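Worksheet for the structure shown next.
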Amino acid sequence: MTIHNNFIAGEWLAGRSSADNVNPSDLSDVVGNYTLAGQDAVEQATDAASAAFEGWARVSPEVRADALDKIGTEILARREELGALLSREEGKILADGIGEVIRAGRVFKFFAAEALRLNGEKVTSVRPGVEVEVTREPEGVVGIITPWNFPIAIPAWKIAPALAYGNTVVFKPAGIVPASAWALADIISRAGLPEGVFNLVMGSGSEIGGAIVASPKVRAVTFTGSVATGRRIALDCVRTGKKVQLELGGKNPLIVLDDADLDVAVSVAVNGAYFATGQRCTASSRLIVQNGIHDRFVAAVIDRIGHLKIGHALDPGSEIGPVVSSDQLEQDISYIEVGKNGGAHLALGGEKLKRDRDGYYMSPALFTETTNDMRINREEIFGPVASVIRASTYEEAVQIANDTPFGLSSGICTTSLKYAHDFKRRSAAGMVMVNVPTAGVDYHVAFGGRKESSYGPREQGAYAREFYTVIKTAYTLP
Ligand code: UN1
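The numbers in this note's numbering rise by one with no breaks, and the one at position 386 of the sequence shown is 386.
Written as structure tokens, this is what we have:
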């Protein structure tokens, strides 16, 4: 089998060893074999990115725009093939795999245009005759460390702005989804970037990620993943004087008020909690339901999830694919026990499932009669598991929604303008949704959370420039 190599300083290079990328829908299906770099590769990549920086920072923004546009065009043209590859390695259903690839292509197109829009300010000085200019410049070498749940979209929304604003990149994708990352790197490698501007280093998180964060050549690190790893990265970045951007967990609330449209509330909840196997940091894991609609809502959700088709990600009939890995499946199942032992009622699901092909299948689980202090309502599970928490009033629902260490996204289902408006203002989350799922966001507006969910400037849209550029203030006496 061909080994897919790293891309460093414009060359495809083998690492120390390699590993098979296995399909979670069918463990007998090997998606490909991918190299695993050692720390020496990180040094080569950071050297190359550092050497390439000055040239890339100075190039006309039109050159950067053209390169990003070309990358976006190829991604969009190959959406079916890349979507199938993504679904095969990650386990989300094909429609979602293709949707994610489209999102990645659009992100490159968006930042292609943004490359031309980087503007500054000219200000009148307090000193007569002096002119003041405030401009933005690229940071330098950016280390990009991405998770497994969005194997192409998250790399895209970090790599595209990094390159658009003139930074150079060392990119380390999650170890269990190298195929989409490699395909993206292959596309980028043919976009006409000078050598060293973009580098792909695949390998172990602690070793390769750790070496990127430790490198004195790296100026800024952006990471999406677990809270524990994010905290470590932040500390290391502070210690070595780097800029850092973290997107971590969520324990996102969805409030369902008595006046909600029941069908809307059920589809918003089921989509937000279970689609993509619940493996989204924006997933709705706490369903906070007002007493008057509670029983009807719970019955309808149980009916809907009981009929969801769980199967191979590439089977056209599947609505939910497998869990991504054996470790994740064990973690999800262990939380079912945590919930039961903590006094929650398991209304449905939470079991490993057998399918024709051996994979990491699990039935969507719903806990009812839970309280917000239970472990299953405090800790991020990152699987197809959600809890219902009762609330008697809107006020109580808001209080429960905000009572969490996290603050990524939140939602409310209501037909009342008054409650919708009030919740948008009082929710302690970075993103608030009214009658739409807490997960599934647009690519051209700010993405990020509060409290333990995020750290540093927002991602996506024009807001991304905060992280990927540094401000310069220049004074001139002509
Ligand atoms: C989405 O809900 O569309 O890791 C995006 C995650 C997030 C992205 C969610 N950073 O799940």
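Note that the Cβ used here is the ideal one computed from N, Cα and C, for glycine as well. For clarity, every value in this text was computed on a predicted model and none was experimentally measured.
With respect to the alpha helix (DSSP H) encompassing I496, which residues constitute its N-terminal and C-terminal limits?
-> Any answer about residue 496 is impossible in this case: the structure gives the chain only from 1 up to 478.
Beta-bridge pairing of Y274 - partner residues as DSSP gives them | Position 274 of the sequence shown, counting from 1, holds the residue named residue 274. Note: Y274 sits in no beta bridge, so no partner.
Please indicate yes or no: does the CB of E247 lie closer than 7 Å to some heavy atom of the ligand UN1?
-> Here residue 247 refers to the residue found at position 247 of the sequence shown. The answer is yes for E247.
Can we say the stretch 401-410 touches the stretch 356-369, given the rule of at least three CB pairs closer than 8 Å?
-> Short answer: they don't touch.
By DSSP, does Y361 sit in helix, in strand, or in coil?
-> For the purposes of this step, residue 361 is taken as residue 361 along the sequence shown, with counting starting at 1. Strand, per DSSP.
What is the DSSP secondary structure of Q245, reduced to helix, strand or coil?
-> Taking the first residue of the sequence shown as 1, we reach residue 245 at position 245. Collapsing the DSSP output to three states places Q245 in a strand.
Would you tell me roughly how many angstroms separate the C-alpha atoms of L82 and C281, rounded to the nearest one?
-> Along the sequence shown, one-based indexing puts residue 82 at 82. Along the sequence shown, one-based indexing puts residue 281 at 281. Cα-Cα distance, rounded: 23 Å.
Which of the three DSSP states, helix, strand or coil, is assigned to I471?
-> The sequence position of residue 471 within the sequence shown is 471, counting from 1. Of the three classes helix, strand and coil, the one that applies to I471 here is strand, per DSSP.
Is the Cβ-Cβ distance between G91 and T277 less than 8 Å?
-> To locate residue 91, count along the sequence shown from 1; it is residue 91. To locate residue 277, count along the sequence shown from 1; it is residue 277. Their beta carbons are under 8 Å apart, which means G91 touches T277 by this criterion.
What does a CB cutoff of less than 6 Å around A153 pick up in its chain, not counting 5 residues either side in sequence?
-> By 1-based counting over the sequence shown, the position of residue 153 is 153. Only E100, R103 and A104 meet the Cβ criterion.
Counting only runs of 3+ residues fully inside the stretch 96-136, write out the beta strand (DSSP E) ranges in chain order.
-> If you keep only unbroken beta strand (DSSP E) runs of at least 3 residues inside the stretch 96-136, you get 121-124.
Do G456 and L287 come within 8 Å of each other at the CB atom, strictly closer than that value?
-> Translated into the one-based positions of the sequence shown, residue 287 becomes position 287. Translated into the one-based positions of the sequence shown, residue 456 becomes position 456. No, the pair does not count as a contact, with Cβ atoms beyond the cut-off.
Spatially closest choice to D96 from T473, G250 and A313, by CA coordinates | On the sequence shown, residue 96 is found 96 positions in, with the first residue counted as 1. Each of T473, G250 and A313 was checked against the Cα of D96, and the nearest Cα belongs to A313.
Leaving out five residues on either side along the sequence, give the residues of the same chain with a beta carbon under 6 Å from the beta carbon of Q44.
-> The count along the sequence shown starts at 1 and reaches residue 44 at position 44. Answer for Q44: I8, listed in chain order.
In the DSSP assignment, find the unbroken alpha helix (DSSP H) run with L287 in it and report its ends.
-> What you label residue 287 is simply residue 287 of the sequence shown in a count that begins at 1. Looking at the DSSP string, L287 is not in any alpha helix (DSSP H); the run it does join, the beta strand (DSSP E), is S284 to Q290.
DSSP puts M433 in a beta bridge; with which residues?
-> For the purposes of this step, residue 433 is taken as residue 433 along the sequence shown, with counting starting at 1. Paired residues: G411.
Straight-line Cα distance separating V266 from R304 | In the sequence shown, counting from the first residue as 1, residue 304 sits at position 304. In the sequence shown, counting from the first residue as 1, residue 266 sits at position 266. Roughly 8 Å separates the two Cα atoms.
Per DSSP, which residues does S326 bridge with? Please list them.
-> Working through the sequence shown from its first residue, we reach residue 326 at position 326. DSSP lists no partner for S326.
I381: beta carbon under 7 Å from a heavy atom of the ligand UN1?
-> In the sequence shown, residue 381 corresponds to position 381, counting from 1. Result no, Cβ not under 7 Å from the ligand UN1.
Contact under 8 Å by Cβ, K122 with E131 | By one-based count along the sequence shown, residue 122 stands at place 122. By one-based count along the sequence shown, residue 131 stands at place 131. Going by C-beta atoms, K122 is nearer than 8 Å to E131.
Cβ-heavy atom distance between R450 and the ligand HEM below 7 Å?
-> The model on display carries the ligand UN1 but not the ligand HEM.
Below 8 Å CB to CB, which residues in the same chain sit around P478 once its five sequence neighbours on both sides are set aside?
-> Within the sequence shown, numbered from 1, the residue matching residue 478 stands at position 478. The answer, listed in chain order, is G129 and E131.
Note down the Cα distance separating K451 from Q399, rounded to an integer number of angstroms.
-> Locating residue 451 in the sequence shown gives position 451, counting from the first residue. Locating residue 399 in the sequence shown gives position 399, counting from the first residue. The alpha-carbon atoms of K451 and Q399 are separated by roughly 16 Å.
Cα-Cα separation between I188 and A439, rounded to whole angstroms | Stepping through the sequence shown from its first residue, residue 188 is reached at position 188. Stepping through the sequence shown from its first residue, residue 439 is reached at position 439. So the alpha carbons of these two residues sit roughly 28 Å apart.
Kindly list the residues whose CB is nearer than 7 Å to the CB of A495, restricted to its own chain and excluding five residues on each side of it in sequence; keep chain order.
-> There is no way to answer for residue 495, as the model of the chain reaches only from 1 to 478.
Quick one, are the C-beta atoms of P258 and I293 less than 8 Å apart?
-> What you label residue 258 is simply residue 258 of the sequence shown in a count that begins at 1. What you label residue 293 is simply residue 293 of the sequence shown in a count that begins at 1. The sequence shown places Asp at residue 258, not Pro. A contact, by the Cβ cut-off of 8 Å.
What separation, rounded to the nearest whole angstrom, lies between the Cα atoms of S204 and D236?
-> Within the sequence shown, the letter at position 204 stands for residue 204. Within the sequence shown, the letter at position 236 stands for residue 236. Near 18 Å, if we compare the C-alpha coordinates of D236 and S204.
From the DSSP output, read off the bridge partner residues of S334.
-> One-based indexing of the sequence shown puts residue 334 at position 334. Note: S334 sits in no beta bridge, so no partner.
Top-ranked residue by Cα proximity to G321, from D47, L36, L68 and S87 | On the sequence shown, residue 321 is found 321 positions in, with the first residue counted as 1. Nearest of D47, L36, L68 and S87 to G321, Cα basis: S87.
Skipping 5 residues on each side, what residues in its chain have a beta carbon closer than 8 Å to that of Y468?
-> Here the question's residue 468 lines up with position 468 in the sequence shown. Excluding sequence neighbours, Y468 sits near P138, E139, V142, P161, A162, A164, Y165, N167 and A220.
Would S387 be called buried (16 or more neighbouring beta carbons within 10 Å of its own) or exposed?
-> What you label residue 387 is simply residue 387 of the sequence shown in a count that begins at 1. Its Cβ being crowded by 16 or more others within 10 Å, S387 is buried.
What residue from P24, P216, V385 and T240 has the CA that sits closest to K354's CA?
-> As a working note, residue 354 is residue 354 in the sequence shown. Among P24, P216, V385 and T240, the Cα nearest to that of K354 is on P24.
So is E380 buried or exposed if we call it buried at 16+ other beta carbons inside 10 Å?
-> Taking the sequence shown and counting its residues from 1, the one referred to as residue 380 is at position 380. Looking at its Cβ environment, which holds 16 or more other Cβ atoms inside 10 Å, E380 is buried.
At what residues does the beta strand (DSSP E) containing S17 begin and finish?
-> The residue given as residue 17 occupies position 17 in the sequence shown. Note, S17: beta strand (DSSP E), S17 to V22.
Other residues of its chain near E195: CB distance less than 6 Å, five sequence neighbours each side excluded | Sequence index remark: in the sequence shown, residue 195 carries index 195 (1-based). A9 and G10.
Any idea which residues DSSP pairs L346 with across the strands?
-> Taking the first residue of the sequence shown as position 1, residue 346 is located at position 346. Partner(s): F367.
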